[in-house]
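Structure first, then comments.
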Amino acid sequence: MTSSDERQPKSRRGLFWLVTFVVVLFAIYSGGWFYLAGRVRAEADKAVATLNKSGIEAGCANLQVSGYPLSFAVSCDNLAYEDDAKNIAASAGSFNAVAQIIQPLSPVADLRGPLRTSVPGMVPLWIDWDNLQANVKLSWPLPRRIALQAEGLSGQTDPADDTDPVELFSAGRAAGQLQPNGVDLDYVGSFTDLEIDPDAIGGRVLPALDASGDATLKNGVALIGTQVKSLRGQRVDIRNLDLSSGTAKVTVSGPLSVDAEGLVDADLMIRIKDPKAVASILAGAMPEQKNAIEQGFAALALLGSEPSMPLKVVKGKASLGFIPLGKIKPVQ
1 MTSSDERQPK SRRGLFWLVT FVVVLFAIYS GGWFYLAGRV RAEADKAVAT LNKSGIEAGC
61 ANLQVSGYPL SFAVSCDNLA YEDDAKNIAA SAGSFNAVAQ IIQPLSPVAD LRGPLRTSVP
121 GMVPLWIDWD NLQANVKLSW PLPRRIALQA EGLSGQTDPA DDTDPVELFS AGRAAGQLQP
181 NGVDLDYVGS FTDLEIDPDA IGGRVLPALD ASGDATLKNG VALIGTQVKS LRGQRVDIRN
241 LDLSSGTAKV TVSGPLSVDA EGLVDADLMI RIKDPKAVAS ILAGAMPEQK NAIEQGFAAL
301 ALLGSEPSMP LKVVKGKASL GFIPLGKIKP VQ
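If you count the sequence shown from 1, position 246 lands on 246 in the UniProt record's numbering, and the numbers rise without skipping.
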């Protein structure tokens, strides 16, 4: 027997064991996939049943788990939540979340509108969008990051009677990201082309606005999962908050807090770009204060095209530089 004849049985045996290993591995993976699919359905049913026992109706209509073998997808035809005891209700369109096998801890979800809400003390709302997507980086015990992005966002009232709805706002794009930072919670967000309907703000007129923000909610991780009913005792460190329209721009940075009695304390720095343009916007929004606004910003313009000054609030008493602004009422 030649050496080549001896190698052929060995290579066939090697190929056989390789194929066997792949088949066994695939069988284990398939078993794990279908086991997880069953657990998702079971846990969803369990969560709904638990809520129903508490007098809350919640649902993920026509729950489906699909995507085998290359991904894991969970979808519903619509989402709904109703708590009659608290008079709270919310509903939305179809939901779809997909995690690729190569990135199982990074699911991407999209939700179809509209989102309809009814909450005590607020008019019912109808919020819609062209596209809403969430990206999550899963970890334990909390996600490492949650990011939301919406395009073509709009909102209006959703009357229960025959009255006409009131348009509230529209925005070309809005995005936000939450990320734990030790015991704190970091937030980065922005929106573009925000237009607020004059009827929603008492007939006042504002131009299209762009904004971006970067802030930290102190001890924010502890607030996750709790029903925060008050701003009292909360603190926010604002690294940067920009609001602009055209050449007009206002930037705010610094810490802000609310004490146990609802009194605001803040040590902020306000930077203004193109004071005349900012004054024009404010005068249009508050025509009753037009003269005072124009006089104040004319003085600011003497400090240059991008003046800055401190805004301090001590126990609710606010002052801009050396100018007293009055007292802020305690917040709830």
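Glycine is no exception: its CB is placed at the ideal position from the N, C-alpha and C atoms.
Straight-line gap, Met-1 to Gly-14 (C-alpha atoms, nearest Å): Its pLDDT being 47, under 50, Met-1 is placed unreliably in this model, and the value from its coordinates should be taken loosely. Their backbone Cα atoms lie some 20 angstroms apart in a straight line.
Three-state class that DSSP yields for Met-1 in the structure shown: With a pLDDT of 47 at Met-1, under the threshold of 50, the modelled position of this residue cannot be trusted, and the question is left open.
Spatially closest choice to Asn-52 from Gly-31, Ala-85 and Ala-73, by CA coordinates: Ala-85
Cβ neighbours of Asn-240 in the same chain (closer than 6 angstroms, five flanking residues each side left out): Asp-214 and Ser-253
Gly-113 versus Gly-176, Trp-33 and Ala-80, residue with shortest Cα-Cα distance: Ala-80
Unbroken stretches of the beta strand (DSSP E), 3 residues or longer, contained in the stretch 75-123: 79-83, 88-92, 95-100, 108-111 and 115-118
Own chain partners of Leu-217 with C-beta closer than 6 angstroms, once the 5 adjacent residues on each side are dropped: Leu-185 and Val-236
Closest Cα partner of Pro-124 within the set Ala-150, Leu-168, Leu-111 and Asn-291: Leu-168
Which of helix, strand or coil DSSP assigns to Ile-328: coil
Meets three-Cβ-pair contact criterion under 8 angstroms: the stretch 255-269 and the stretch 174-188: no
Start and end residues, alpha helix (DSSP H) containing Ala-285: 275-285
Under the three-state DSSP convention, the category Val-23 falls into: helix
Rounded straight-line distance, which links the Cα of Ile-127 to that of Ser-154: Cα to Cα, the separation comes out at about 6 angstroms.
Residues near Ala-134 in its chain [Cβ-Cβ closer than 6 angstroms; skip 5 each side]: Ala-109 and Leu-148
Option nearest Leu-63 by Cα separation, candidates Val-313, Met-269 and Arg-39: Arg-39
Residue interval of the beta strand (DSSP E) (run including Phe-169): 167-181
Residue nearest to Ala-175 in terms of C-alpha spacing, selected from Asn-131, Val-74, Gln-234 and Ser-139: Asn-131
Straight-line Cα distance separating Asn-78 from Gly-31: 29 angstroms
Minimum C-alpha distance to Ser-257 - residue among Cys-60, Leu-302 and Val-331: Val-331
Reduced DSSP category for Ser-230 - H, G, I as helix; E, B as strand; rest coil: Correct three-state label for Ser-230: coil.
Identity of the residue in Tyr-187, Lys-229 and Ala-160 nearest Val-221 by Cα: For Val-221, the nearest C-alpha among the options comes from Tyr-187.
Cutoff 6 angstroms; reference Gly-316; Cβ partners in own chain excluding five residues on either side: Leu-263, Val-264, Lys-327 and Ile-328
Status (buried if at least 16 other CB within 10 Å, exposed otherwise) for Ile-224: It counts as exposed.
Inter-residue spacing [alpha-carbon to alpha-carbon] between Ser-75 and Ile-146: Near 19 angstroms, if we compare the C-alpha coordinates of Ile-146 and Ser-75.
Classification of Trp-17 by the beta-carbon crowding that lies within 10 angstroms, buried from 16 upward: exposed
Own chain residues within Cβ distance below 6 angstroms of Ala-277, not counting five before or after: Thr-247 and Ala-248
heavy atom of the ligand SAH below 7 angstroms from Asp-267 C-beta: Among the ligands in the structure shown, none appear at all, so the ligand SAH cannot be discussed.
Pairwise C-alpha distance: Asp-83 and Gly-55: 7 angstroms
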